[in-house]
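Asks: 223 is the number that my numbering gives to position 34 of the sequence shown; each next residue is one higher, with no gaps. Ideal Cβ positions, reconstructed from N, Cα and C, are used throughout, including at glycine.
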Amino acid sequence: MMRDFLTELLRVYWFAPPVALWRAVELRTAAVETYERPILDLGCGDGLVGDVLFGPGGADVGFDPWEAQLRQAARLTTYRWLQQADGHCMPYPDHIFATLFSNSVLEHIPSVAPIMREAGRVLRPGGRFIFTVPSDAFRHFLYYAHVRLAAGDTAGAERYAAEVDGWLAHYHYHSPQEWADLLAEGGMVLEKARYYIPEPVEHLWDRMNHRFGLRGWSPWRLLVSPRLRHLPTQRWLARWVVRRFSHLWRTYYEMEVGPGERGGGLLIVGRRAR
Ligand SMILES: C[S@@+](CC[C@H](N)C(=O)[O-])C[C@H]1O[C@@H](n2cnc3c(N)ncnc32)[C@H](O)[C@@H]1O
Numbered sequence: 190m191m192r193d194f195l196t197e198l199l200r201v202y203w204f205a206p207p208v209a210l211w212r213a214v215e216l217r218t219a220a221v222e223t224y225e226r227p228i229l230d231l232g233c234g235d236g237l238v239g240d241v242l243f244g245p246g247g248a249d250v251g252f253d254p255w256e257a258q259l260r261q262a263a264r265l266t267t268y269r270w271l272q273q274a275d276g277h278c279m280p281y282p283d284h285i286f287a288t289l290f291s292n293s294v295l296e297h298i299p300s301v302a303p304i305m306r307e308a309g310r311v312l313r314p315g316g317r318f319i320f321t322v323p324s325d326a327f328r329h330f331l332y333y334a335h336v337r338l339a340a341g342d343t344a345g346a347e348r349y350a351a352e353v354d355g356w357l358a359h360y361h362y363h364s365p366q367e368w369a370d371l372l373a374e375g376g377m378v379l380e381k382a383r384y385y386i387p388e389p390v391e392h393l394w395d396r397m398n399h400r401f402g403l404r405g406w407s408p409w410r411l412l413v414s415p416r417l418r419h420l421p422t423q424r425w426l427a428r429w430v431v432r433r434f435s436h437l438w439r440t441y442y443e444m445e446v447g448p449g450e451r452g453g454g455l456l457i458v459g460r461r462a463r
């Protein structure tokens, strides 16, 4: 039976529903791949995404430079081994992992060529590097950039997209061909490039980030503040979010990128030469 990542992710990210929508489509796309062990999760963060994808004991190693996030990942049972480290210098011997997984990490690293060389080093010959990133269409599919462009305000559209880059700390949006060239730096070849997040889904996501005040202060952020987790109102809110949006956003969750079209997200699979 097909997993319902939308409901699963809304349960995890009930306090930030647009994050749940993006991650649900992302994991629906990533879950199609097979993940041969041992698995390394590069930039695992708080581990919540790895936990949904791999389940208890399902990933071998996770690392991230951000200590507070790692501490949260350590509360889960997903990873056998967690380490504070940076992708530029992975503290592992050569050729030990069968799969490297990385979800929404590489766009936050200004120069990815050195990461690719490290990935190629720790991967076994024939091993795969599976990662997700926002795509070369991401900036074009932002709803509020689109609205400005439609009104002839090209400078305003660019200003808005640049604000989003700054807010999300995105440094680049490579095309599949550019990823193929970067993979080659680590002795890997591009095996698959698959777009996800069709344009209407990214429009909704962008509008909902504003609706839920994910940027700056908002009453919603006050309501879901981690400092108020003990209040029963938050349990009620969490249940309401899951019930309402797993129904309301279902068609967006299930929407596919059409043949020959691009999406706001990109899944890349690279294979290490044998
Ligand atoms: C958007 S979060 C994604 C976390 C997790 N993969 C997920 O899907 O929830 C980006 C993560 O990349 C990590 N990161 C940033 N620079 C990194 C680097 N140079 N090496 C490894 N991880 C890095 C951050 O610490 C952060 O946890």
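Cβ-heavy atom distance between proline 303 and ligand 1 below 6 Å?
Replies: Outside the cutoff, so no.
Asks: Near phenylalanine 252, which residues of its chain fall below 6 Å by C-beta distance, leaving aside the five closest residues on each side in sequence?
Replies: Excluding residues within five positions, the ones whose Cβ falls inside 6 Å are Gln272, Ala274.
Asks: Can you name the start and end residues of the alpha helix (DSSP H) that tyrosine 442 belongs to?
Replies: From DSSP, the alpha helix (DSSP H) with tyrosine 442 extends over 439 to 443.
Asks: Evaluate tyrosine 362 with the Cβ neighbour count: other Cβ atoms within 10 Å of its Cβ, from every protein chain shown; 16 or more gives buried, anything less gives exposed.
Replies: Looking at its Cβ environment, which holds 16 or more other Cβ atoms inside 10 Å, tyrosine 362 is buried.
Asks: Where arginine 269 and tryptophan 438 are concerned, what is the direct C-alpha to C-alpha distance, given to the nearest angstrom?
Replies: Cα-Cα distance, rounded: 35 Å.
Asks: Near arginine 416, which residues of its chain fall below 8 Å by C-beta distance, leaving aside the five closest residues on each side in sequence?
Replies: Cβ neighbours of arginine 416 beyond the five flanking positions: none.
Asks: Less than 7 Å separating the beta-carbons of valine 431 and arginine 200?
Replies: Taking 7 Å as the Cβ cut-off, valine 431 and arginine 200 qualify as a contacting pair.
Asks: What residues match up with glutamine 423 in a beta bridge as DSSP calls it?
Replies: Partner(s): none; glutamine 423 has no beta bridge.
Asks: Measuring straight from C-alpha to C-alpha, what distance separates valine 241 and leucine 198?
Replies: The alpha-carbon atoms of valine 241 and leucine 198 are separated by roughly 8 Å.
Asks: Return the Cβ separation of leucine 456 and alanine 219 in integer angstroms, given the expectation that the two are a contact with Cβ distance under 8 Å.
Replies: Right, their Cβ atoms sit about 6 Å apart.
Asks: Could you check whether phenylalanine 320 and serine 291 sit closer than 7 Å to each other, using their CB atoms as the reference points?
Replies: Cβ distance < 7 Å, so serine 291 and phenylalanine 320 count as in contact.
Asks: If you check the beta carbons only, do threonine 288 and glutamate 388 fall under 7 Å apart?
Replies: For threonine 288 and glutamate 388, no; Cβs fall outside 7 Å.
Asks: Residue range of the alpha helix (DSSP H) that arginine 400 falls in?
Replies: Start and end: 388 to 400.
Asks: Note down the Cα distance separating arginine 428 from alanine 340, rounded to an integer number of angstroms.
Replies: Distance between the alpha carbons of arginine 428 and alanine 340: 39 Å.
Asks: Do you know whose CA, among Leu231, Gly234, Ala205, Arg264, lies nearest glycine 246's CA?
Replies: With distances taken between Cα atoms, glycine 246 lies closest to Arg264.
Asks: Please determine whether the Cβ atom of valine 345 lies at a distance below 6 Å from any heavy atom of ligand 1.
Replies: According to the sequence shown, residue 345 is glycine rather than valine. Result no, Cβ not under 6 Å from ligand 1.
Asks: Return helix, strand or coil for valine 336, following the three-state DSSP convention.
Replies: Here valine 336 sits in helix by DSSP.
Asks: Who are the Cβ neighbours of arginine 260 in its own chain at under 6 Å, not counting the five residues just before and after it?
Replies: Closer than 6 Å at the Cβ level, and outside the excluded window around arginine 260, lies no residue.
Asks: Which whole runs of the beta strand (DSSP E) in the segment 336 to 386 are 3 residues long or more, in chain order?
Replies: DSSP runs (the beta strand (DSSP E)) wholly in the segment 336 to 386: 377 to 385.
Asks: Classify valine 208 as helix, strand or coil using the three-state DSSP reduction.
Replies: Three-state DSSP puts valine 208 in a helix.
Asks: Do the CB positions of tryptophan 153 and arginine 404 come within less than 7 Å of each other?
Replies: Since the first and last residues shown for the chain are 190 and 463, residue 153 lies out of range.
Asks: Taking the alpha carbon of leucine 312 as the point to measure from, which residue in Asp370, Leu229, Glu374 has its own alpha carbon closest?
Replies: Closest by alpha carbon: Leu229.
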